[in-house]
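Q:
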Amino acid sequence: MIWSLRGFLILTLSLTSLWVADEASAKTRPAIALHYGHNAPLEDLKVFDIVVVEPDHGYDPIAQRAKGSELYAYTSVAEVQPSRSYFKDIPAVWQLARNGHWNSVVLDQTPAPWPSFFADRVIAPLWQRGYRGFFLDTMDSYRLASHFDEAAQQAGLVRVIQTLHERFPGIRLIMNRGFDIVPRVKDKIEMVAAESLYRRWNAGANRYEEVPDADRQWLLTQLRTIQTRDGIPVLAIDYVPPNDRALARETAERIQADGFTPWVSDSRLDTVGIGAVELVPRRILILYNGAEAPAVNYTSAHRFLQMPLNHMGYVVDYADVRQPLPKDIYRDRYAGVVTAFNGYMPSALRREFSTWLQTLKNQGMPLAMVGDFGLAPDKSWADTFGIQGTSLSIYPPLQAQKQHPMMGLEAASPPVEKDSAPARLVGPQAAQAIPLVEMKDQKGQRFVAAALMPWGGFVLDPYVYNELPGTEQTRWVVDPFEFLQKALRLPFMPVPDITTESGRRLLLAHIDGDGFPSRAEMPGAPVAALVLLKEILEKYRIPQTVSVIEGEIASHGLHPELSGQLEDIARKMFKLPHVEIASHSFSHPYLWDTDVKHGIFSDSNEVEYHLNIPNYQVDLTRETAGSADYIRKNLAPAGKPVRVFQWTGDTAPNEAALKATYDAGLLNINGGDTFISRSNPSLTAVRPHGITKGNYLQVYAPIANENIFTNLWRGPFYGYERVLETFELTDTPRRIKPVGIYYHTYSASKVAGLQALRKVYNWALNQPLHPVFTSEFIRKVQDFHTYAIATEGEGWRVRGAGHLRTLRFPITAAAMVAPLSASEGVAGVSEGVEGSYVHLTGAQAWVANPASALGPSGSTAEAPIWLHDANARVTQWERKQQGLRTDFSLQGHVPLQFTLSGMVPTCRVSANGQTLAATKSSEKERPDLRTYRLPDAAAQIQILCAGR
496 MIWSLRGFLI
506 LTLSLTSLWV
516 ADEASAKTRP
526 AIALHYGHNA
536 PLEDLKVFDI
546 VVVEPDHGYD
556 PIAQRAKGSE
566 LYAYTSVAEV
576 QPSRSYFKDI
586 PAVWQLARNG
596 HWNSVVLDQT
606 PAPWPSFFAD
616 RVIAPLWQRG
626 YRGFFLDTMD
636 SYRLASHFDE
646 AAQQAGLVRV
656 IQTLHERFPG
666 IRLIMNRGFD
676 IVPRVKDKIE
686 MVAAESLYRR
696 WNAGANRYEE
706 VPDADRQWLL
716 TQLRTIQTRD
726 GIPVLAIDYV
736 PPNDRALARE
746 TAERIQADGF
756 TPWVSDSRLD
766 TVGIGAVELV
776 PRRILILYNG
786 AEAPAVNYTS
796 AHRFLQMPLN
806 HMGYVVDYAD
816 VRQPLPKDIY
826 RDRYAGVVTA
836 FNGYMPSALR
846 REFSTWLQTL
856 KNQGMPLAMV
866 GDFGLAPDKS
876 WADTFGIQGT
886 SLSIYPPLQA
896 QKQHPMMGLE
906 AASPPVEKDS
916 APARLVGPQA
926 AQAIPLVEMK
936 DQKGQRFVAA
946 ALMPWGGFVL
956 DPYVYNELPG
966 TEQTRWVVDP
976 FEFLQKALRL
986 PFMPVPDITT
996 ESGRRLLLAH
1006 IDGDGFPSRA
1016 EMPGAPVAAL
1026 VLLKEILEKY
1036 RIPQTVSVIE
1046 GEIASHGLHP
1056 ELSGQLEDIA
1066 RKMFKLPHVE
1076 IASHSFSHPY
1086 LWDTDVKHGI
1096 FSDSNEVEYH
1106 LNIPNYQVDL
1116 TRETAGSADY
1126 IRKNLAPAGK
1136 PVRVFQWTGD
1146 TAPNEAALKA
1156 TYDAGLLNIN
1166 GGDTFISRSN
1176 PSLTAVRPHG
1186 ITKGNYLQVY
1196 APIANENIFT
1206 NLWRGPFYGY
1216 ERVLETFELT
1226 DTPRRIKPVG
1236 IYYHTYSASK
1246 VAGLQALRKV
1256 YNWALNQPLH
1266 PVFTSEFIRK
1276 VQDFHTYAIA
1286 TEGEGWRVRG
1296 AGHLRTLRFP
1306 ITAAAMVAPL
1316 SASEGVAGVS
1326 EGVEGSYVHL
1336 TGAQAWVANP
1346 ASALGPSGST
1356 AEAPIWLHDA
1366 NARVTQWERK
1376 QQGLRTDFSL
1386 QGHVPLQFTL
1396 SGMVPTCRVS
1406 ANGQTLAATK
1416 SSEKERPDLR
1426 TYRLPDAAAQ
1436 IQILCAGR
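For the sequence shown, this note's numbering begins at 496 and goes up steadily by one.
#1: What does a CB cutoff of less than 8 Å around K1245 pick up in its chain, not counting 5 residues either side in sequence?
#2: Grouping DSSP H, G and I as helix and E and B as strand, with all else coil, what is A925?
#3: Please report the residue range of the alpha helix (DSSP H) in which E1045 lies.
#4: Determine whether the beta carbon atoms of G1010 and A1023 lie at a separation below 7 Å.
#5: DSSP three-state label for D1382, please.
#6: Nearest CA to the CA of R672: which residue from Q657, R638, R702 and Y703?
#7: How would you write the range of the beta strand (DSSP E) that A843 sits in, first residue to last?
#8: Are the Cβ atoms of Q1141 and H1079 separated by less than 7 Å?
#9: Quick check: the stretch 789 to 804 against the stretch 1108 to 1117, are at least 3 beta-carbon pairs closer than 8 Å?
#10: Could you say which of E905, Q896, W609 and R846 lies nearest to R941 if we only look at CA atoms?
#11: Which residues bound the alpha helix (DSSP H) around S1172?
#12: Quick one: measure Cβ to Cβ for Q1339 and G563, integer angstroms, because I've assumed they're closer than 8 Å.
#13: Ignore the nearest five residues each way along the sequence and tell me which others in P776's own chain have a CB closer than 7 Å to its CB.
#14: Answer with buried or exposed for R1453, where buried requires no fewer than 16 other C-beta atoms within 10 angstroms of its C-beta.
#15: Which word fits T633, buried or exposed, when buried means at least 16 other C-beta atoms lie within 10 angstroms of its C-beta?
#16: Consider the C-beta atom of V1333 and the heavy atoms of the ligand FMN; say whether any pair is separated by less than 6 Å.
#17: In angstroms, rounded to a whole number, what distance separates the CA positions of A1346 and H1363?
#18: Around the C-beta of S520, are 16 or more other C-beta atoms found within 10 angstroms, so that it is buried, or is it exposed?
#19: In whole angstroms, what is the alpha-carbon distance linking S571 and E1075?
#20: Specify the secondary structure class of N1129 as computed by DSSP and reduced to three states.
#21: Can you tell me the Cα-Cα spacing of T1401 and R1425, whole angstroms?
#22: Since F978 is in the alpha helix (DSSP H), which residue starts that stretch and which ends it?
#23: Pull up the CB-CB distance for Y783 and V735, whole angstroms please, since I reckon it's below 8 Å.
#24: Which residue marks the beginning of the beta strand (DSSP E) containing Q1339, and which one marks its end?
#25: Using CA coordinates, which residue listed in N1407, P1422 and P707 is at the minimum distance from R1428?
#26: For P991 and G808, which I take to be in contact (beta-carbon distance under 8 Å), what is that distance rounded to the nearest angstrom?
#27: What distance in whole Å lies between the Cβ atoms of A982 and P861, which are believed to be in contact at a cut-off of 8 Å?
#28: Indicate whether the contact test is met: 3 or more Cβ pairs, each with one atom in the stretch 1199 to 1215 and one in the stretch 1226 to 1234, closer than 8 Å.
#29: Taking the straight line between their C-alpha atoms, what separation do you get for E574 and A1434?
#30: Between the alpha carbons of F1096 and H1083, how many angstroms are there, rounded?
#31: Out of R524, I1037, T716 and D1145, state which residue places its alpha-carbon closest to the alpha-carbon of H1265.
#32: Just verifying my parser: in three-state terms, what is the DSSP assignment at N685?
#33: Taking a contact to mean a Cβ-Cβ separation below 7 Å, would you say Y1237 touches H1005 in this structure?
#34: Quick check: the Cα distance between V480 and G628, rounded to an integer number of angstroms?
#35: What is the rounded straight-line gap between the Cα of L1249 and the Cα of E1047?
#36: For the alpha helix (DSSP H) containing I1095, name the first residue and the last one.
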C-alpha cells in the first residue's frame, strides 16, 4: 500500500511500527517537507504527508489535515529568538549563551520549571490551534555555551520530552539531532532528523558547500546506529542553492540510497525542496505590459496563451512589467516563464526587465518569448540568449527560407514584408538552435523570426497569429501547444482534466435570469419564465442551474405588479430536484470594475452601469450575499442552498467583487466566451479555464451563451443551435471543454429561440455524456488550480480536493492497462481523442508511469476488470478474492449507464442485489466490453468472475 493512500494512519498509529530502515521499505515511509516561509504554498505541499512549518505564520493545521497532509509545528527547544512572544518571560538565569549566526539565545535545560514552561508557553497554544506534531530543533545548542554540565543538560532535554507526552497524549515528535538521548526517549519520538549529510549551508561564510568526507562519515555512523539500534527512522536535511534543482535531486537520491528520508532545500527553507517525492511544478508565469490592454482579461496573453497551457495541465500566474517584477521564481513551483508583448515596453522598465530575465535564464528557467521581445536586444542578449536584434545590416529584400512544421497551424506564415524585424542567432547557441521561421537577405545572410533555443524559444509577430481583415477573428500561425511544450521543455506528466469524469465528457446547463418577466411571443403572451419552466425545466430532467435577478422579480424591484407571479414561478423551478439554485445578482451590473472602462463604457459616460433601480448604487455585498439571501428567504425550498453566483454584464469582476462571492460562500461562474464555430474555426476563440485576481479565482463558463450566437439577441433567434458546432470543435481534435448549455431566460420568449434550446438539449441527451451540476464543474476548476502532482518512485503521487477525478495521458488506453494494475486509487481507463482518461476513486492516488517497468509487461494473463466509462461518479472501488470479485459504487444524477472492460463469459454483474444483463453490443465494440443500464441514479455494484 502506498503511503499516500493510507488515509491518515499517522494520526492513530505510531510511525515507528510502520517504518523499516531498509531500501525496500522506502515507499512505506511518509514524504516529509520543511518550509519556514511566510507564505508556504500549502496547496503544493499537500503532496507531502508531513510538512514542518513556522507556526507563527498563521497556518491552519486542521484545514491542511483535511487535505491529507499533516502540519508539524517548528519549535526550538534549546534556543529562542527575542521576537518570540514568550521570550520576555524567560528568566535571565536560564540564558546560557548567544548564537550570533541566528540572533538567538541559548537556554539552560536544567532548571526544574523549564519543561513545564516549554509545555505551557510553547506547545499548549499550538496544540489548541490543532497541531499534533512538532519538530524539536536545537537539541544540542547547549554546547554553544562556554561552560555546561553535559549530563545535566541531556537529562533536562529528556524531561522536556517526557513532560510533553504526559501533558499531550498522542503527541508526535521529530527530534533534530540530540543523538545521545535517543535511547532514553526512543519510545516517545517518531523520527530523528539531522542536517548536512552531503551538502550544507555555511552561515559564517554565507555559502553553500559540500560536507567534508570525515564529517559525513561520522554523521552516517550516528544515523545508522539510531536506525539499527533504536529502530527509529531518520530524516536527513541538506542544503543546496534554490536554483540548482539537479543538485537537489542528486542529493536527495543519495540520501534515499542510504536508507534515510531526504529533504533537500535552500538554506532558509522557504522553497519547495526535494524529498521522498518531488513536486512537479505546474505553474507558468506570464509577463505582459498592462498598458497594452484595459485589464489582464483583455490581453493577448490571457485570451490566447493561457488556454493551451491550461489544457496541458498548467496554472498561469500573471505579472505586469509596470509593477515590481516577481522575486524568487524558481523551478520548485514554476515550470517556465513566458513573455507576451505586442511591442516595446516603456524605456524606463527595459534595463531592469532585461537583467531580471537574463538572471532567470542563467538559473536554468525555461523561457518562451511571444510577440515582441519588449525591447531592442543589446549585446548582453547576444551573450545570454544568442540573439542579435540590433545593428543587423540587412540587405533587402528578405526572402522566406525554411519553415518548421509547427508553423502554419491555422494560417500560412505571412509573406516577408519590407519592415520585417527579424533577429540573428549568434554565438555558440546558434549551432544548437532549431529555426522555426528562417529568411535570408540579398547577400545570403540568414535571419530568424522564430526559433527553439537551448534556453527555450521565441516567436515574433506576425508569426504568432494573424488577424483576419474586416473581422474580429484571428488564426494561429504557430502551433501554440507544440511551441510552448518544446520551448518550455514541459515534461510528460498526468494532466488533471476538467472536461471528463468516469470516461465521459461532462454535461452541464446553467441559465442566467435575464428576461424572467419578458412576454413570450406565444398564445396568451405568458412570461418567458413560465415557458422555460414548462417547456425546458420540467421536460429535460438533467442537472440544471437556474438563476434569477432579484431586481427583476422582487416586489421592491422593477416589476412589482408581476412580482407575485414571477416569484411563484421561481419557487416552482427551485423545487425541482434536478434544479440547482443560483443568483444572477440584485441589479445586474453591466460593468463590474468601474476602473476598467472598455468597449461601450470607454466611449460614453451616458451608459447605464446596472438596472435602473430607484435610489440604488451598486454595492458588492448587496449584489452577491444580499441577492442570495433574498432567494434563500423568499424562493428556495427549506434547506435547499443557493450555491452559485453567475456574473452579469461584462462578466469581468475585479478582486473585490470576487472576494464578495467567496465571503458569501458562493461559487462563481461566467465569462470567457468560447465561441469557436465552423465560420470561426480557430483555437483563438477557445478561452481558458478562468482567471485569478489576487487570491480569488473566477471560473469561466465552458461555452459562450446564446447572446453570442444571435448577434447580441438581434437575430437570428435560432442562432443558438450553432452551439452544436462549438461542442463538436471543442471535442476534437482535442477535448478542451465539456458540453456547456448556457443561455438566458429570454431565450424562451421567442419560438425560434425555444426551438433552438430543444435542439440543443435533444442533441445532448443523445450523446454519451456525464451530467453534472454547474457547482460540480466549478469545483473541478478550483481543484485543477490547486492540484498537486509529485514523482514518487516509478510513478506519480497525486492529491486534490476530490472534485477533479480524471487524469489524461497522451497514450492509448490499451497501453495504460498494465500500469493501472500497479496503481492505486484508480477505477479504470477509457479511450480519448488525445490518448486516454484514467478514472480516480477519490482525492488521492498513485499512478504508475507507463514508461516504467511496473505492471505485467507482455503478460498473457487476462486483463483485470476496469470501469471503462459511466455517466456517474465512482465513489468506491475495491477488488477482493484475488481479483475474482470487484465491488464498486456509482453516484449520478440520471439513470445509470456504465461499461466494464476486461469482461469474460464467466463474469456476472449485480446492482443493489439484483442480477444485471448487459445490453446488446454492436459488432464494432471490443469483445471484452459490457454495457449495463439501471433506472436508478445510484447503485452498489458487484462483479464476480468465476474461474479467471
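Idealized CB from N, CA, C, for every residue including glycine. Fair warning: this is a prediction, and the values are worked out from it, not measured in the lab.
A: In short:
#1: A1015, E1016 and F1212
#2: helix
#3: E1045 to I1048
#4: yes
#5: strand
#6: R638
#7: Here A843 belongs to no beta strand (DSSP E); instead the alpha helix (DSSP H) covers S842 to N857.
#8: yes
#9: no
#10: Q896
#11: Note, S1172: premise wrong, no alpha helix (DSSP H); not H, not E.
#12: 6 Å
#13: R826, D827, R828, Y829 and A830
#14: What the structure shows of the chain is the stretch from 496 to 1443, and residue 1453 is not part of that stretch, so it cannot be assessed.
#15: buried
#16: The ligand content of the structure shown is nil, which means the ligand FMN is not present either.
#17: 22 Å
#18: Its pLDDT being 43, under 50, S520 is placed unreliably by the model, and the measurement read from it follows with that caveat. S520 should be labelled exposed.
#19: 51 Å
#20: helix
#21: 12 Å
#22: P975 to A982
#23: 32 Å between Cβ atoms; not a contact.
#24: Q1339 to A1343
#25: N1407
#26: 6 Å
#27: 7 Å
#28: no
#29: 58 Å
#30: 16 Å
#31: I1037
#32: Looking at the sequence shown, residue 685 is not Asn but Glu. Of the three classes helix, strand and coil, the one that applies to E685 here is coil, per DSSP.
#33: yes
#34: The displayed coordinates of the chain run from 496 to 1443. Any statement about residue 480 would go beyond what the structure contains.
#35: 21 Å
#36: I1095 to D1098
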